[in-house]
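Residue numbers (our numbering): 76 to 734.
All C-beta atoms, glycine included, are put in the ideal place defined by N, C-alpha and C.
Report on one structure; see the data block that follows.
Below you can see the structure in the form of structure tokens.
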């Protein structure tokens, strides 16, 4: 009965989305307040109905109702509860239900907190948002029904893909989808502005918090996926340039550009047309990622390889909203008034450079991701585009971006002096040079370009701190004045500082672990030893074990350094009961220097022993710590009253004196 109730709620949400799409838009066109007022309760009703549908599917997973086809295909009675719950979105149908739920959540948030929006703009935004929800609800109901029954019901289910049975995968998809779907609000604001034919600084002020929220969640979602791949897949790396990884990275790059472009538009009323176009393209890249993952055009540990007919439906949605949005932009862009002029050397100029480099970088990732798929579809030839291509195209674009990053916030609006800005950051430049020299002294000529990369990372970190020191006048004012200025500095300024600091930390981690990584691949038996990065790793023993829904072969390694014991690592190979699929569990010891990472392979028939891979990844944790700091920086900016949704509201002054 609960399953049928969830299915009914899903169908009813589709009807509500259709009403929300049509009536408010018609009301905005006719300036009819009664029709426009339908948007808010419809958005709330759609959210509540989808919460009910999602809760019904979750209940079916928790109680192991194998009469539901989706549960039978992706769950098992012996699975731990956390993986029964995460199994709800660990498949195509359930993840799409989560997708539309988050879509409705953003729409309801605009309805609840967008009280400072003009009535017509709000009605059009919610109508466009409902049109996106309607398209995906139609996709769910017609091709991907998560509530389809089985008769007779099987005695047990097939189980969830073992590599998805991990705590990080319980949180990674919801965060990632929140980022993906969150950019739909920027798209809806852009289309609503094009419908009305008017955009201004207020529009940028309204759209920036939603874009920032989506960017935050996409940042942490990508980082969690990278962390999961690092310790779960047993390959010792943190990024593979997999097409599905790229599918989330492209909207992140475009969304980062959109954030900075909207800032120029809000502060100086510049880049108006470009900002609207970027809002359309960012969400279009999110839709492209959805198509790549769910169309069946590729096989990946991240992808849902489903019936290609579903991919055709998603391709239709992609063409409808991307093509429709770009067509409306082409028709309306000439009517939009451009903003003010500015010099190339200015804060606006630095943000334009930021946009050009980020969008070009997104384009290189787009080509590297889709070209192999397109070539295979047209000619049948299979080629692989991997790290060498991206290193030659993406990295050179990031270097000037990172070099300019600390200078942008220092430059004044409209016109600035690059030499004066450099003088103000002399100590950051000095720290960067010292960091590069230290990296070279520690590593020698092992990786000739790596010290330059380390120096660039330190330059970004020191530049972020230096900007804060300059703003609170550490070198000019007294102690009380410094404390006062630090307290009164807007939260958005602290958010920018944290985000840029996190970027620099990530750069240091990426360069260090890429350039200075150690790798040893060998066959080891109990008693054998190998040295890696000053550690001595000794194979102590092998054993067998049993988990709640798997059996495993374990290998115990003792780790010493300079003769002193450090830790004991126990990597393993697991075979899950259902489905009977192997996975690799790495043994990882982390320290301030980096990670000692051990994985075991198959047992060798000749001579005994196990295939063992030992890695040392210097400063690799800086990558995920940097991403977390970027997320916290976004949260700090979002908490600023000037950026919060629905703020500010002016209050009447007490005791006002009549003229």
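| Asked | Found |
| --- | --- |
| Should the segment 508–516 be called in touch with the segment 529–542, which here means at least 3 C-beta pairs below 8 Å? | yes |
| In the structure shown, what three-state DSSP assignment does residue 648 receive? | strand |
| Using only CA atoms, which one of 497, 368 and 96 lies nearest to residue 165? | 368 |
| Do residue 325 and residue 437 have their C-beta atoms closer together than 8 Å? | yes |
| With respect to the alpha helix (DSSP H) encompassing residue 122, which residues constitute its N-terminal and C-terminal limits? | 114–137 |
| Just the C-alpha distance for residue 565 and residue 678, rounded to the nearest angstrom, thanks. | 59 Å |
| Using the three-state DSSP reduction, which class does residue 331 fall into: helix, strand or coil? | helix |
| What separation, rounded to the nearest whole angstrom, lies between the Cα atoms of residue 410 and residue 350? | 15 Å |
| Going by beta-carbon coordinates alone, are residue 624 and residue 670 separated by less than 8 Å? | no |
| What span of residues does the alpha helix (DSSP H) with residue 361 cover, start to end? | 347–369 |
| With residue 233 as the anchor, note down where its alpha helix (DSSP H) starts and where it stops. | Looking at the DSSP string, residue 233 is not in any alpha helix (DSSP H), and its letter there is neither H nor E. |
| Pull up the distance between the alpha-carbon of residue 221 and that of residue 146, whole angstroms please. | 9 Å |
| Quick one: is residue 446 buried, meaning 16 or more other Cβ sit within 10 Å of its Cβ, or exposed? | exposed |
| Quick one: does the C-beta of residue 619 sit closer than 7 Å to a heavy atom of the ligand FMN? | As presented, the structure is devoid of all ligands, the ligand FMN included, so that no description of it is given. |
| Cβ atoms of residue 310 and residue 462: under 8 Å apart, would you say? | no |
| Within a Cβ cutoff of 8 Å, which residues of the same chain sit near residue 87, ignoring the five residues on either side of it in sequence? | 124 |
| Apply the 10 Å Cβ neighbour rule to residue 387 and answer buried if 16 or more other Cβ atoms are within range, or exposed otherwise. | exposed |
| Measuring only the C-alpha atoms, how far is residue 223 from residue 85? | 12 Å |
| So, helix, strand or coil for residue 151, using DSSP? | coil |
| What are the partner residues of residue 665, as DSSP defines its beta bridges? | 670 |
| Taking residue 143 and residue 216 to be in contact with their CB atoms under 8 Å, please state how far apart those CB atoms are, rounded to whole angstroms. | The pair is not a contact, with the Cβ atoms about 16 Å apart (cut-off 8 Å). |
| Would you say the segment 249–263 touches the segment 286–299, given that touching needs at least three Cβ pairs under 8 Å? | yes |
| In chain order, what residues of the same chain lie with their CB nearer than 7 Å to the CB of residue 731, ignoring the 5 residues before and after it? | Reliability of the predicted coordinates at residue 731 is poor, the pLDDT of 40 falling under 50, and the value obtained from them is presented with this limitation in mind. Contacts found: none. |
| Roughly how many whole angstroms lie between the Cα atoms of residue 175 and residue 130? | 14 Å |
| Could you work out which residue in 570, 702, 630 and 523 is closest to residue 714 when comparing CA atoms only? | 570 |
| Check whether the Cβ atoms of residue 631 and residue 615 sit closer than 8 Å, and answer yes or no. | yes |
| Check each candidate in 99, 132 and 104 and name the one with the smallest Cα separation from residue 83. | 132 |
| Measure the alpha-carbon distance for residue 285 versus residue 357 and round it to whole angstroms. | 13 Å |
| If you drop the 5 nearest sequence neighbours on each side, which residues of the same chain put their C-beta closer than 6 Å to that of residue 741? | No information on residue 741 is available, as it lies outside the stretch 76 to 734 that the chain covers here. |
| Smallest Cα separation from residue 363: which of 333, 398, 336 and 338? | 398 |
| On a CA-only basis, which of 439, 425 and 271 is nearest residue 318? Give me that one, please. | 439 |
| How do the segment 681–699 and the segment 266–275 stand: do at least 3 beta-carbon pairs fall below 8 Å, yes or no? | no |
| Excluding the five sequence neighbours on either side, which residues of its own chain have a C-beta within less than 7 Å of the C-beta of residue 186, listed in chain order? | 114, 115, 118, 119 and 201 |
| Is the beta carbon of residue 590 closer than 8 Å to that of residue 525? | yes |
| When you compare only the Cα positions, how much space is there between residue 126 and residue 562? | 41 Å |
| For residue 512, which three-state DSSP category applies? | helix |
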